[in-house]
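Engineer:
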Amino acid sequence: MSDEQYDPRAVQDKWQARWAELDPFRADDNDGERERRYALDMFPYPSGDLHMGHAEAFAIGDVTARYWFQRGHNVLHPIGWDSFGLPAENAAIKRDAHPAEWTYANIDTQAGSFQRYAPSFDWSRRLHTSDPEYYKWTQWLFLRFYERGLAYRKGGQVNWCPKDQTVLANEQVVGGHCERCGTLVEKRVLTQWYFRITEYADRLLDDMEQLEGAWPERVLLMQRNWIGRSTGADVNFVIEGRDEPVTVYTTRPDTLYGATFMVVAADAPLAEEIVAPEQRAAFEAYRDEVSRESEIERLSTEREKTGVFLGRHAINPVTGERVPVWASDYVLAEYGHGAIMAVPAHDQRDLDFALKFGLPVRVVVDTGEGDPAETGVATAGDGRIVNSGPIDGLPKAEAIRRITEILEERGTGRAAVNFRLRDWLVSRQRFWGCPIPIIHCDACGEVPVPDDQLPVRLPDDLRGADLAPKGTSPLAAAEDWVNVECPKCGGAARRDSDTMDTFVDSSWYYFRYCSPDYENGPFDVEQVRRWMPVDQYTGGVEHAILHLLYSRFFTKVLYDMGMVDFTEPFKRLLNQGQVILNGKAMSKSLGNMVDLGEQIDEFGVDVVRLAMLFSGPPEDDIDWADVSPQGMGKFLGRVHRIAAEVASEPGADLAAGDTALRRVTHRTVDEVTTLVEAHRFNVAIARLMELVTATRRVIDSGAGAADPAVREAAETLAVILSLFAPYTAEETWALLGHQAPVNRAGWPAADPSLLVEESVTCVVQVAGKVRDRLEVPPAIDPGELERLALASGKVRDALGGAEVAKVIVRAPKIVNIVPRR
202 MSDEQYDPRA VQDKWQARWA ELDPFRADDN DGERERRYAL DMFPYPSGDL
252 HMGHAEAFAI GDVTARYWFQ RGHNVLHPIG WDSFGLPAEN AAIKRDAHPA
302 EWTYANIDTQ AGSFQRYAPS FDWSRRLHTS DPEYYKWTQW LFLRFYERGL
352 AYRKGGQVNW CPKDQTVLAN EQVVGGHCER CGTLVEKRVL TQWYFRITEY
402 ADRLLDDMEQ LEGAWPERVL LMQRNWIGRS TGADVNFVIE GRDEPVTVYT
452 TRPDTLYGAT FMVVAADAPL AEEIVAPEQR AAFEAYRDEV SRESEIERLS
502 TEREKTGVFL GRHAINPVTG ERVPVWASDY VLAEYGHGAI MAVPAHDQRD
552 LDFALKFGLP VRVVVDTGEG DPAETGVATA GDGRIVNSGP IDGLPKAEAI
602 RRITEILEER GTGRAAVNFR LRDWLVSRQR FWGCPIPIIH CDACGEVPVP
652 DDQLPVRLPD DLRGADLAPK GTSPLAAAED WVNVECPKCG GAARRDSDTM
702 DTFVDSSWYY FRYCSPDYEN GPFDVEQVRR WMPVDQYTGG VEHAILHLLY
752 SRFFTKVLYD MGMVDFTEPF KRLLNQGQVI LNGKAMSKSL GNMVDLGEQI
802 DEFGVDVVRL AMLFSGPPED DIDWADVSPQ GMGKFLGRVH RIAAEVASEP
852 GADLAAGDTA LRRVTHRTVD EVTTLVEAHR FNVAIARLME LVTATRRVID
902 SGAGAADPAV REAAETLAVI LSLFAPYTAE ETWALLGHQA PVNRAGWPAA
952 DPSLLVEESV TCVVQVAGKV RDRLEVPPAI DPGELERLAL ASGKVRDALG
1002 GAEVAKVIVR APKIVNIVPR R
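Terminal number for the sequence shown in the numbering used here: 1022, no gaps in between.
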């Protein structure tokens, strides 16, 4: 049978049916003997069928799971769907249907495609976050957060997406636009539900020490930057006409003597409160103008500074000077306390503002640079403190410490820590999400739904136009659903009509996989202790902040509740790159989509999987235009042909086999083991290709296919290939006379005695040109190798009597002789 005659597509139906009978990937909750491993993939959203990104991500995660199966571990590798969300709701509006119809139809389609693609999932643990059996426990967790003061409702400015007609968390605003649909985000004042993630800010930062070296450094950096912990001081400024002082946070209290004005965020309640009557009209016009700007525009250092004087002055707490208070767009209401002390000599944005409006510029840090008032460039570096009374001459760190002491002594300030992180806004004004289990009663206020009344189910009779976004949740108009009795007093009350952000659903799903049918809580605590933390999590880096940060937060809350005994959910994280085409991300609008189903129909699952994995390291992007599925098909044909030609029986005396081939086989096992554990799957596949070539060479000469070493090589190929191309591996395993499934064959062990090379080939160069090759011991002494090289007749001929200027020895592989010119 030639390589070209093997068709990877032909064996798929055969083995898919057989695996369904064998159920070879079911995790065993009761097996206390084998070491447990938890391989987790970021679960998919059911929007259409699987695409090329799924093909890459799930192939990568599957290699690790299959490797652990071969190592004899008890492996949990589950699958489920993140099935609430806007795409389903928007599709339902278009189709005049209920979102569940579109959602579950897509789940069935994707499930069929997954089964064809052959990841090693335990299908018995399948879950969907839109099932009432799942979201009952999302609601239960919400209520536990509420009891602990971690879920609360407040009014204030929020991010509003005018297209999706819903609020967004800060993390869902990218560059001033909606992370999902790209629409420019607006600011609105609304009352919403939040999770108090800021209470865990320090722990979210400090616990990253557990993840160093196990998570990609860029993900850890992104989370650190998003949490944004800084140390400094809270400084109290008295504003004339206001009883309570205004607290300003600064990381540089040592520059307080250079604070010559204050700036309040134009959209902060403080600005509205303190503006003088004669300035109100100008302020309100300016505030309306600012409300149309994105956050990115406001923070840009390139745009001209704008602002309006509020007609008030504040008192600098260390100088006693009256400093004017302005409103501007370059300060955000969410930062610190919504107000800053402006030190124009040492902050560029403050300096730009001061120069625009003719405000004083006072140097208080001598950096040796020019006067900012003259150069227009703020001096932001460290230097000697000047013009600052009792802290003159002190270095930065000492000046910060001393001025903070002075503030505390006077009762006008204190040391403080600030975070960029803001509490997580979790309520959404859409239908297809988990209902918030709170009832609003005029007499009792907020009343939690009793646990025995969970789940609060979504109504089944809303569809199509009923779901169209109206600025409030469609559930608010569902009178039969929203009007209820108060559980506390029995009076008339209304359900909370918002639903939860879908990131709440995905913040705990990996716990549920450990006991998906458990009815006495969100998960069986003992099973979670047995299976978790997750040993490896595989998914896209686009979730570096949102999903991963929220999951870490949930885990820490559950730890505090005594439900888990660890504080980080995922031991190791593997991010895959994107699948692109001709250098561009695949997109329907660009017309450059590659359909996964069509690729599988044309080449077969194994070829697509192998092509994905061979194209580069997992974290790199794959340009499908550069991938060669045809080459992978030929390689699989060569593997199949070797198995078909093996003429020795199982259990043949391997010691009688070709020693050189056995050395290649055992080196392959040794190297591939290391490569798979390091996630260098492309190099591991290259080593298999080298083994195929070496095996083919033996088959075509000497003892041929009857050599026991050929069987050993073929069996090794089948077992290792099961990680990457499971259908072909199973077919070749059967050809070799073994019973399915190959994934339980056991990982081959490398014989140490066969890893020791008896000799290696040393290349000898003269003036950079190869002149001889010497067979030498691997551990040869560099001096001895130099002597042998210089004694070579071919080397002496090449030197032609010339004197040797230098000999470079890289034992045992190379000697380079440089003649004197």
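Where a beta carbon is used, it is the ideal one built from N, C-alpha and C, also for glycine.
(1) Between the alpha carbons of Ala240 and Thr265, how many angstroms are there, rounded?
(2) Which residues mark the beginning and the end of the alpha helix (DSSP H) in which Thr520 is found?
(3) Below 8 Å on the Cβ atoms is my guess for His538 versus Val449; work out the distance and round it to an integer in Å.
(4) Ends of the beta strand (DSSP E) at Val971?
(5) Can you grab the Cα-Cα spacing for the pair Asp998 / Arg972, in whole Å?
(6) Closer than 7 Å by C-beta to Thr304: which residues in its own chain qualify, once you throw out the five before and the five after it? Chain order, please.
(7) Within this structure, are the beta carbons of Val920 and Asp908 separated by less than 7 Å?
(8) Just to confirm before moving on: does the CB-CB distance between Ala1003 and Pro1020 stay below 7 Å?
(9) By a C-beta neighbour count over all protein chains shown, 10 Å radius and 16 as the cutoff for buried, is Met202 buried or exposed?
(10) Thinking Arg453 and Gly433 are a contact (beta carbons under 8 Å), I'd like their distance in whole angstroms, please.
(11) What is the DSSP secondary structure of Asn426, counted as helix, strand or coil?
(12) Exposed or buried, Pro983, counting other C-beta atoms within 10 Å across all chains shown (16 or more means buried)?
(13) Spatial neighbours of Val884 within its chain, please: CB distance less than 6 Å, with the 5 preceding and 5 following residues excluded, ordered by chain position.
(14) From which residue to which residue does the alpha helix (DSSP H) around Ala812 run?
(15) In the DSSP assignment, find the unbroken beta strand (DSSP E) run with Gln940 in it and report its ends.
(16) Please work out which residues of its chain come closer than 7 Å, Cβ to Cβ, to Arg810, disregarding the five sequence neighbours upstream and downstream, and give them in chain order.
(17) At a cut of 8 Å, does the stretch 729–736 reach the stretch 406–413 through at least three beta carbon pairs?
(18) Less than 7 Å between the C-beta atoms of Ile440 and Ile475, yes or no?
(19) Hey, how far is the Cα of Ala581 from the Cα of Ala228?
(20) Based on Cα-Cα distance, which residue from Pro1013, Leu1000, Met813 lies nearest to Met253?
(21) Here's a check: name, in chain order, each residue in its chain whose Cβ is nearer than 8 Å to the Cβ of Pro209, leaving out the five neighbours to either side.
(22) Using the rule of at least 16 other Cβ atoms within 10 Å of the residue's Cβ for burial, across every protein chain shown, is Gln777 buried or exposed?
(23) How would you write the range of the alpha helix (DSSP H) that Lys757 sits in, first residue to last?
(24) What's the C-alpha gap between Val447 and Phe438?
(25) Tell me which residues share the same chain as Phe815 and place their Cβ nearer than 7 Å to its Cβ, disregarding the 5 neighbours each side in the sequence.
(26) Do you know how far the Cα of Pro333 is from the Cα of Ile294?
(27) On a Cα-Cα basis, can you pick out the residue from Arg897, His939, Ala879, Lys1014 that is closest to Gly414?
(28) Which residue comes first and which comes last in the alpha helix (DSSP H) that contains Tyr353?
(29) How do the stretch 342–349 and the stretch 631–649 stand: do at least 3 beta-carbon pairs fall below 8 Å, yes or no?
(30) Beta-carbon within less than 6 Å of Trp220's beta-carbon, same chain only, minus the 5 sequence neighbours each way: which residues are those?
(31) Could you name the residues that DSSP lists as bridge partners for Pro1020?
(32) Rounding to the nearest angstrom, what Cα-Cα distance links Thr520 and Val587 in this structure?
(33) Can you give me the start and stop residues for the beta strand (DSSP E) that Thr929 sits inside?
(34) Considering just the uninterrupted stretch of the alpha helix (DSSP H) at Ala466, what are its terminal residues?
(35) Applying the 10 Å Cβ sphere with the 16-neighbour rule, what's the burial state of Pro300?
(36) Per DSSP, which one or two residues make a beta bridge with Trp527?
Structural biologist: In short, the structure shows the following:
(1) Taking the first residue of the sequence shown as 1, we reach residue 240 at position 39. Taking the first residue of the sequence shown as 1, we reach residue 265 at position 64. Going by C-alpha positions, Ala240 is about 7 Å away from Thr265.
(2) One-based indexing of the sequence shown puts residue 520 at position 319. Neither: Thr520 is in no alpha helix (DSSP H) and is coded neither H nor E.
(3) The count along the sequence shown starts at 1 and reaches residue 538 at position 337. The count along the sequence shown starts at 1 and reaches residue 449 at position 248. Indeed, because the Cβ distance is near 6 Å, the residues count as touching under 8 Å.
(4) Walking along the sequence shown from the start, residue 971 turns up at place 770. It spans 970–977 - the beta strand (DSSP E) in which Val971 sits, taken as one unbroken run.
(5) As a position in the sequence shown, residue 998 is number 797, starting the count at 1. As a position in the sequence shown, residue 972 is number 771, starting the count at 1. Roughly 9 Å separates the two Cα atoms.
(6) As a position in the sequence shown, residue 304 is number 103, starting the count at 1. Excluding sequence neighbours, Thr304 sits near Pro247, Ser284, Ala289, Ser331.
(7) Working through the sequence shown from its first residue, we reach residue 920 at position 719. Working through the sequence shown from its first residue, we reach residue 908 at position 707. No, the Cβ-Cβ distance between Val920 and Asp908 is not below 7 Å.
(8) Translated into the one-based positions of the sequence shown, residue 1003 becomes position 802. Translated into the one-based positions of the sequence shown, residue 1020 becomes position 819. Going by C-beta atoms, Ala1003 is nearer than 7 Å to Pro1020.
(9) To locate residue 202, count along the sequence shown from 1; it is residue 1. At Met202 the pLDDT is 42, less than 50, meaning the model places this residue with poor confidence; the figure from the coordinates comes in the next sentence. By the Cβ neighbour-count rule, Met202 is exposed, with fewer than 16 other Cβ atoms within 10 Å of its own.
(10) Taking the sequence shown and counting its residues from 1, the one referred to as residue 453 is at position 252. Taking the sequence shown and counting its residues from 1, the one referred to as residue 433 is at position 232. Indeed they touch by this definition, with Cβ atoms about 7 Å apart.
(11) Taking the sequence shown and counting its residues from 1, the one referred to as residue 426 is at position 225. In the structure shown, Asn426 sits in a helix (DSSP, three-state: H, G or I).
(12) Locating residue 983 in the sequence shown gives position 782, where the first residue counts as 1. Exposed, since its Cβ has fewer than 16 Cβ neighbours within 10 Å.
(13) Looking up residue 884 in the sequence shown gives position 683. Leu876.
(14) If you number the sequence shown from 1, residue 812 lands on position 611. Start and end: 806–815.
(15) For the purposes of this step, residue 940 is taken as the residue at position 739 of the sequence shown. Taken as a continuous stretch (DSSP letters only), Gln940 belongs to no beta strand (DSSP E), as it is neither H nor E.
(16) As a first step, residue 810 is located in the sequence shown; it is residue number 609 there, counting from the start. Correct list, in chain order: Ala260, Phe925, Ala926.
(17) Segments in contact, no.
(18) Here residue 440 refers to the residue found at position 239 when the sequence shown is read from its first residue. Here residue 475 refers to the residue found at position 274 when the sequence shown is read from its first residue. Contact flag set, yes.
(19) Stepping through the sequence shown from its first residue, residue 581 is reached at position 380. Stepping through the sequence shown from its first residue, residue 228 is reached at position 27. Each residue's alpha carbon lies about 58 Å from the other.
(20) By 1-based counting over the sequence shown, the position of residue 253 is 52. Minimum Cα distance to Met253 is reached at Met813.
(21) Translated into positions along the sequence shown, residue 209 becomes position 8. These residues qualify, in order along the chain: Phe804, Gly805, Val806, Asp807, Val808, Gly834, Leu837, Ala926, Tyr928, Thr929.
(22) The count along the sequence shown starts at 1 and reaches residue 777 at position 576. Burial state of Gln777 is buried, judged by a 10 Å Cβ sphere holding 16 or more other Cβ atoms.
(23) Here residue 757 corresponds to residue number 556 of the sequence shown, with the count starting at 1. Going by DSSP, Lys757 is part of the alpha helix (DSSP H) stretching over 747–761.
(24) Within the sequence shown, residue 447 is the residue found at index 246, counting from 1. Within the sequence shown, residue 438 is the residue found at index 237, counting from 1. Computed Cα separation, rounded: 5 Å.
(25) Position 614 of the sequence shown, counting from 1, holds the residue named residue 815. The answer, listed in chain order, is Met833, Asn883, Ile886.
(26) Locating residue 294 in the sequence shown gives position 93, where the first residue counts as 1. Locating residue 333 in the sequence shown gives position 132, where the first residue counts as 1. Near 22 Å, if we compare the C-alpha coordinates of Pro333 and Ile294.
(27) Residue 414 sits at position 213 when you count from the first residue of the sequence shown. It is Ala879.
(28) In the sequence shown, residue 353 corresponds to position 152, counting from 1. Where Tyr353 is concerned, there is no enclosing alpha helix (DSSP H), although the beta strand (DSSP E) it sits in stretches over 352–362.
(29) The stretch 342–349, when compared against the stretch 631–649, does touch it at the 8 Å Cβ threshold.
(30) The residue given as residue 220 occupies position 19 in the sequence shown. Excluding residues up to 5 positions away in sequence, nothing lies with its Cβ nearer than 6 Å to the Cβ of Trp220 in the same chain.
(31) Reading the sequence shown from its first residue, position 819 is the one you call residue 1020. Checking the DSSP bridge columns, you'll see Pro1020 partnered with Val1005.
(32) Taking the sequence shown and counting its residues from 1, one reaches residue 520 at position 319. Taking the sequence shown and counting its residues from 1, one reaches residue 587 at position 386. In a straight line, the C-alpha of Thr520 is about 14 Å away from that of Val587.
(33) As a first step, residue 929 must be located in the sequence shown, where it is residue number 728. Where Thr929 is concerned, there is no enclosing beta strand (DSSP E), although the alpha helix (DSSP H) around it starts and stops at 927–936.
(34) As a working note, residue 466 is residue 265 in the sequence shown. Under the DSSP assignment, Ala466 falls outside any alpha helix (DSSP H), being part of the beta strand (DSSP E) whose first and last residues are 462–466.
(35) Translated into the one-based positions of the sequence shown, residue 300 becomes position 99. With at least 16 other beta carbons inside 10 angstroms of its own, Pro300 counts as buried.
(36) Position 326 of the sequence shown, counting from 1, holds the residue named residue 527. Paired residue(s): Val464, Phe510.
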